[in-house]
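Let me begin by presenting the structure, written as structure tokens, before commenting on it.
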Amino acid sequence: MSAQSPNIYSRWRFPFRVKWKSLVRVLALILLLSLLFIGFVDWDFYRNYDIVPHIKSAEESLPATVALIPGAAVHGNKPSPILADRLKCGLSLYQSGKVKKILLSGDNGQADYNELRPMLEFMLANHVKPEDVFVDHAGFRTLDTLIRAKEVFLVNDAIFVSQTFFLPRAIYLGRNLGLNLQAFECNLRIYKKEGYYYWREFFARQLAWWDIHIWDTPPKYLGKPYPIGKSGIPTWKGSIIK
């Protein structure tokens, strides 16, 4: 019996050894394909980003209908440095006559948190005509901001004002939605957590690709059209400022 034991064990071990090797091969193939897909997605975003005009000052921009300024963090009623710089860059486009309108889009979904009020107050305090400022109350995500710009405010062309680490995703989404965009690279300083934002955007671009090409993700809220050519006052009077 003892002489036969090694043969018995070898018969049982051999099939399991083959299965484990096959499983490792399958997992390695899945990992490789996933990395290739991630690399393709990132390349596609930057390929689209390279196509559009990049500007670093209002003087470099082509004329457009509207400056589209997405929200960012606020501390009480004070814009964060990232948001403050976006507002300054958007204002420079308006003051130089490169845009006729300003569309502010941000998170206004909580009673104790409002990105839009300090954004609007900044524009009005800097003598932007009230009728030229539009407020989008439901810009909870970049995708929402861009879909609503097209479907609610009927925007065809815009200058998207943001920092460089956010822009490839925004431009990619906008181009796939049919918007004609320029990218205002609004980097007026070195920002805290800048490295974190680059990493976060890497993963956000993967999600954005699925939103556009697979899930066809709708915005949280849409609403009736309100063309950007009208007065912007009804979009904020009584809701943001009385």
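Residue 127 in this note's numbering sits at position 126 of the sequence shown, and the numbers go up by one each step.
Built from N, CA and C at the ideal position, the CB exists for glycine as well.
Everything numeric in this text was worked out from a predicted model, so none of it was measured.
Review point. My guess is that K99 and T66 are in contact by the Cβ rule of under 8 Å, so how many angstroms apart are they, rounded?
Key: In this structure, K99 and T66 do not form a Cβ contact; the two beta carbons are roughly 10 Å apart against a cut-off of 8 Å.
Practice item. Note down, in chain order, each residue of its chain lying with its Cβ closer than 8 Å to the Cβ of I56, except the 5 sequence neighbours on either side. Key: S62, I160, Q183, A184, F185 and E186, listed in sequence order.
Review point. Roughly how many whole angstroms lie between the Cα atoms of S35 and W216?
Key: Rounded to the nearest angstrom, the two C-alpha atoms are 18 Å apart.
**Study point:** DSSP beta-bridge partners of H76
**Key:** Partner(s): K79.
Point to revise | Environment of D51 [buried if 16+ CB atoms lie within 10 Å] | key: In summary, D51 is exposed, with fewer than 16 beta-carbon neighbours lying within 10 Å of its beta-carbon over all protein chains present.
Review point. Does the region 190 to 203 touch the region 119 to 131, meaning 3 or more C-beta pairs lie closer than 8 Å?
Key: Between the region 119 to 131 and the region 190 to 203 there are fewer than three inter-stretch CB-CB distances shorter than 8 Å, so the stretches are not counted as touching.
**Study point:** Counted within 10 angstroms of its Cβ, other Cβ atoms place D113 as buried (16 or more) or exposed
**Key:** With fewer than 16 other Cβ atoms inside 10 Å of its own Cβ, D113 counts as exposed.
Review point. Is F38 helix, strand or coil by DSSP?
Key: Collapsing the DSSP output to three states places F38 in a helix.
Practice item. Could you tell me whether the region 37 to 53 touches the region 84 to 92, where touching means 3 or more Cβ pairs closer than 8 Å? Key: As far as the Cβ criterion goes, the region 37 to 53 does not touch the region 84 to 92, which means the pair count is below three.
Practice item. Check whether the Cβ atoms of P226 and V153 sit closer than 8 Å, and answer yes or no. Key: Yes, they are a contact pair.
Exercise for review: Could you give the DSSP three-state label for I229: helix, strand or coil?
Suggested key: Correct three-state label for I229: coil.
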